[in-house]
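Take the numbering used here: the final residue in the sequence shown is number 605, and no numbers are missing along the way.
By construction, the Cβ of each residue, glycine as well, lies at the ideal position given by its N, Cα and C atoms.
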Amino acid sequence: MSPLSARSPAAAKVATAPVEPVVSFVPPARSVCYMSEGGKPANQLDLILQSAIAKMTGGVSPIAMSLAFQDWLLHLAASPGKQLELLELARRQALDWAPLARPDASAEVPAEASADTRFTADGWNNWPFSAMSRSFVHAQQFWQQATSGVRGVEPHHRDVVDFTARQLLDIYSPSNYFWTNPEVLRQAVASKGQSVLSGWTNYLHDVSGKTALKDENPAYLVGRDVAITPGKVVYRNELVELIQYAPQTPGVYREPVLVVPSWIMKYYILDLSPHNSMVRYLVEQGHTVFMVSWRNPGAADRDLGMDDYLRCGVMYPLQEVNRICGGVPVHAAGYCLGGTLLSIGAAAIDSGRHDAPAKLASVTLLAAQTDFTDPGELGLFIDDSELAFLDAVMWKNGYLDGTQMAGSFQLLNSRDLVWSRIMREYLLGQRSVPNDLMAWNADTTRMPYRMHSEYLKHLFLHNDLAEGRYCVDGKAVAVTDIRAPMFVVGTERDHVSPWHSVYKIHLLADTEVDFVLASGGHNAGIISEPGHARRSYKVQPHRPLGAPFIGADEWIQGATEQPGSWWPHWHQWLAERSQAELIAPPRMGAGKVLDEAPGRNVREA
Numbered sequence: 001m002s003p004l005s006a007r008s009p010a011a012a013k014v015a016t017a018p019v020e021p022v023v024s025f026v027p028p029a030r031s032v033c034y035m036s037e038g039g040k041p042a043n044q045l046d047l048i049l050q051s052a053i054a055k056m057t058g059g060v061s062p063i064a065m066s067l068a069f070q071d072w073l074l075h076l077a078a079s080p081g082k083q084l085e086l087l088e089l090a091r092r093q094a095l096d097w098a099p100l101a102r103p104d105a106s107a108e109v110p111a112e113a114s115a116d117t118r119f120t121a122d123g124w125n126n127w128p129f130s131a132m133s134r135s136f137v138h139a140q141q142f143w144q145q146a147t148s149g150v151r152g153v154e155p156h157h158r159d160v161v162d163f164t165a166r167q168l169l170d171i172y173s174p175s176n177y178f179w180t181n182p183e184v185l186r187q188a189v190a191s192k193g194q195s196v197l198s199g200w201t202n203y204l205h206d207v208s209g210k211t212a213l214k215d216e217n218p219a220y221l222v223g224r225d226v227a228i229t230p231g232k233v234v235y236r237n238e239l240v241e242l243i244q245y246a247p248q249t250p251g252v253y254r255e256p257v258l259v260v261p262s263w264i265m266k267y268y269i270l271d272l273s274p275h276n277s278m279v280r281y282l283v284e285q286g287h288t289v290f291m292v293s294w295r296n297p298g299a300a301d302r303d304l305g306m307d308d309y310l311r312c313g314v315m316y317p318l319q320e321v322n323r324i325c326g327g328v329p330v331h332a333a334g335y336c337l338g339g340t341l342l343s344i345g346a347a348a349i350d351s352g353r354h355d356a357p358a359k360l361a362s363v364t365l366l367a368a369q370t371d372f373t374d375p376g377e378l379g380l381f382i383d384d385s386e387l388a389f390l391d392a393v394m395w396k397n398g399y400l401d402g403t404q405m406a407g408s409f410q411l412l413n414s415r416d417l418v419w420s421r422i423m424r425e426y427l428l429g430q431r432s433v434p435n436d437l438m439a440w441n442a443d444t445t446r447m448p449y450r451m452h453s454e455y456l457k458h459l460f461l462h463n464d465l466a467e468g469r470y471c472v473d474g475k476a477v478a479v480t481d482i483r484a485p486m487f488v489v490g491t492e493r494d495h496v497s498p499w500h501s502v503y504k505i506h507l508l509a510d511t512e513v514d515f516v517l518a519s520g521g522h523n524a525g526i527i528s529e530p531g532h533a534r535r536s537y538k539v540q541p542h543r544p545l546g547a548p549f550i551g552a553d554e555w556i557q558g559a560t561e562q563p564g565s566w567w568p569h570w571h572q573w574l575a576e577r578s579q580a581e582l583i584a585p586p587r588m589g590a591g592k593v594l595d596e597a598p599g600r601n602v603r604e605a
């Protein structure tokens, strides 16, 4: 019997959980806009116009943007006290900047500018560059004060205005231009113009579409350099392949580990090069590891929804792991949105109101949110107006293109991911040496129209999972239904899943939760292999079920910092919740093998 009954026409085609290869999946065509008011189909003329507008604005809703700025401007106009504060700030800044305006001025870069990595070169101490850097820092300070602390502005509008002001200011940073960057000018003179020629060559190469990470002979090739931990594809359905990795030890823990990565990324971030592969590390510690590898959907998959992703990406793989390993409990782990999807599946299983494909020994969430009230700066792109325009783009294409999603993530950290790269590669003429993580990041994926609309609406916009409205098979599920112990990892500099947001699992779960805060960002904090320099993590002693709640800031004050990788800590946690006696490794696929790892899906462009 299927773990979840098929509910949608698209789901009806995946209800049999096939184990043989499936060439393609074309769900029935539908023209429903799932974000339309009242659940009714949207007028196609509206969608055509909104799609055209969104194409010109890069997917940003000009209506949402104008509403945010109107809210801010009108409240600022009604705040004479705030206006006087800004005038006083402008006066002080003018007095501070005036001495640097003369050619004979000599002053060090202000502390605010020296803290900005764009102005750390020695040349910024000299006129006129010292005046330029201080003027830019003053502009940043002024607009930060102007866009914050205005009484009455709706918080979301305040954040949008503040973010937009920062992005616009970053465009005009003197470090971004040839004649206003002393480091660039010095390099041009020292190299006798060679750096200028190299930068121009880099620019022409990139605009041609052949970047250093996507040329004809990539430095990191899937199956050759990355994603090379030995294994077999032991199951395939219309959305995923299931990889079982070959054992590396004579005996293994009885309970296997199933990993569900996010569908907005290729799975091999967890199986990069041999030295930093989480999969290889777990296998070498005696764990039997299974990995979900998502298919890269196209326009024909526009009607695949969240139910289909839950069914094909969590429930059926759990059912196969259960079959292969003889019905033992499974340690399930999910990364990013894969962790959110896993928490939904775990809640459905442990609620007892759904057919359980397997018993869960534990649930691990890696940089995964279950409460989306504070999703960080990613939430700036999510409101009803933004989703309406994004929906119109996806309605036309049938999917959200991976480059558009990648651009949104780059925008969240544009100083480091956009402008610093432009300065280094096009002005200084210095190519970044590609690494495995950069190659993975350039290997983008697409998302079906219906699924992307549903998860943005139900999770990010309405927060249905945290507030008890998210339904699986027509029945509401909640994180409080999960009974398996949980291991939750947040990362300190996460722009995608802020660790304070990840920490909110403590308010939702009614089971034991062990929380770890890793150094690094959303990706580098998770790919934190033993032996990596400057890696550390913070942890508190295990808190039993029923212990009083402590807030995130109180937690970090009482946590102890441990040097090195958090992976051994996780392995020890898994081992303590596994049967102590090791067993012989299970047969690959229990005799059913479809392909060699890394399989087909991960190679789909």
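Name the residue from the options whose alpha carbon lies nearest to the alpha carbon of residue i.
i       : options                               : result
Arg-534 : Asn-181, Asp-71, Ala-524 and Ala-300  : Ala-524
Val-363 : Pro-485, Tyr-177 and Ser-198          : Pro-485
Val-479 : Thr-340, Arg-302 and Leu-239          : Thr-340
Glu-238 : Ile-556, Asn-276 and Leu-304          : Leu-304
Gly-531 : Ala-388, Phe-163, Ser-565 and Pro-256 : Ser-565
Gln-145 : Pro-128, Phe-129 and Phe-163          : Phe-163
Val-259 : Ser-501, Pro-274, Val-207 and Ile-243 : Ile-243
Ala-358 : Ile-48, Arg-91 and Ala-332            : Ala-332
Val-502 : His-522, Arg-483, Asp-443 and Thr-511 : His-522
Gly-629 : Ala-575, Met-438 and Trp-499          : Here the chain has residues from 1 to 605 only, and residue 629 is not among them.
Ile-505 : Ala-590, Gln-369, Ala-439 and Gln-50  : Gln-369
Pro-155 : Gly-379, Ala-392, Asp-595 and Glu-581 : Gly-379
Pro-274 : Val-393, Glu-554 and Leu-437          : Leu-437
Ser-133 : Pro-174, Leu-95, Thr-147 and Ser-453  : Pro-174
Arg-431 : Ile-264, Leu-197 and Ala-356          : Leu-197
Phe-549 : Arg-353, Ser-351, Leu-507 and Met-588 : Leu-507
Gln-622 : Lys-592, Val-393, Gly-251 and Gly-58  : This structure cannot speak to residue 622, because the chain is shown only from 1 to 605.
Asn-664 : Ile-228, Tyr-399 and Ser-385          : Absent from the model: residue 664. The displayed extent of the chain is 1 to 605, so no value can be given.
Met-451 : Gly-58, Pro-99 and Leu-387            : Leu-387
Leu-185 : Ala-219, Gln-167, Met-315 and Gly-123 : Gly-123
Val-160 : Ala-219, Ile-63, Ala-94 and Val-189   : Ile-63
Ala-518 : Tyr-235, Asp-170, Tyr-470 and Trp-567 : Trp-567
Would you identify the three-state DSSP class for residue i, choosing helix, strand or coil?
i       : result
Tyr-177 : coil
His-331 : strand
Cys-471 : strand
Asp-308 : helix
Gln-562 : strand
Asp-301 : helix
Lys-613 : Residue coverage of the chain in this structure runs from 1 to 605, which leaves residue 613 outside it and unanswerable.
Gly-338 : helix
Ala-131 : helix
Gly-231 : strand
Ile-349 : helix
Val-418 : helix
Within its chain, find whatever has a CB closer than 8 Å to the CB of residue i; leave out the 5 residues flanking it on each side and keep chain order.
i       : result
Gln-562 : Ser-536, Tyr-537, Lys-538, Val-539 and His-569
Asn-463 : Asp-371, Phe-372 and Thr-373
Val-330 : Glu-255, Pro-256, Val-257, Leu-258, Leu-318, Val-321, Asn-322, Ala-358, Lys-359, Leu-360 and Ala-361
Leu-610 : With the chain covering 1 to 605 only, the question about residue 610 has no answer from this structure.
Which residues in the same chain have their Cβ closer than 6 Å to the Cβ of residue i, if we skip the five residues on either side of it in sequence?
i       : result
Ser-31  : In this predicted model, Ser-31 has a pLDDT of only 36, less than 50, meaning its place in the structure is not dependable; the value taken from the coordinates is given anyway. Counting only Cβ-Cβ distances below 6 Å, and skipping sequence neighbours, we find nothing.
Asp-301 : Pro-448
Glu-241 : Val-233, Ser-293, Gly-599 and Asn-601
Gly-338 : Val-260, Pro-261 and Ser-262
Lys-396 : Ser-51
Asp-443 : Lys-266
Tell me residue i's beta-bridge partners as DSSP assigns them.
i       : result
Ser-293 : Glu-241
Phe-487 : Thr-364 and Asp-514
Val-259 : Met-291 and Ala-333
Arg-236 : Glu-241
Gly-123 : Bridge partners of Gly-123: none, in fact.
Tyr-399 : Pro-448
Considering only residues of the same chain and omitting the five flanking positions on each side of residue i, which have a CB-CB separation below 7 Å?
i       : result
Arg-254 : Val-328, Ser-578, Gln-579 and Ile-583
Trp-573 : Phe-487 and Asp-514
Val-26  : With a pLDDT of 34 at Val-26, under the threshold of 50, the predicted position of this residue should be treated as unreliable, though the coordinate-derived value follows. Excluding residues within five positions, the ones whose Cβ falls inside 7 Å are Ala-300.
Leu-545 : Thr-511 and Glu-512
Arg-603 : Val-222
Asp-401 : Arg-446
Thr-180 : Met-132 and Pro-174
Is the closest heavy atom of the ligand SAM to the C-beta of residue i under 7 Å?
i       : result
Ala-146 : Ligands are entirely absent from the displayed structure, and the ligand SAM is therefore not among its contents.
Checklist entry - Along the chain, which unbroken stretches of the alpha helix (DSSP H) at least 4 residues long are found entirely within the segment 491-542? => result As summarised for the segment 491-542, the continuous alpha helix (DSSP H) elements at least 4 residues long and confined to that stretch are 499-502 and 505-508, given in chain order.
Item to check | Every unbroken alpha helix (DSSP H) inside the segment 187-213 [4 residues or more] | outcome: For the segment 187-213, the continuous alpha helix (DSSP H) assignments of 4+ residues that do not extend past its boundaries occur at 194-207, in sequence order.
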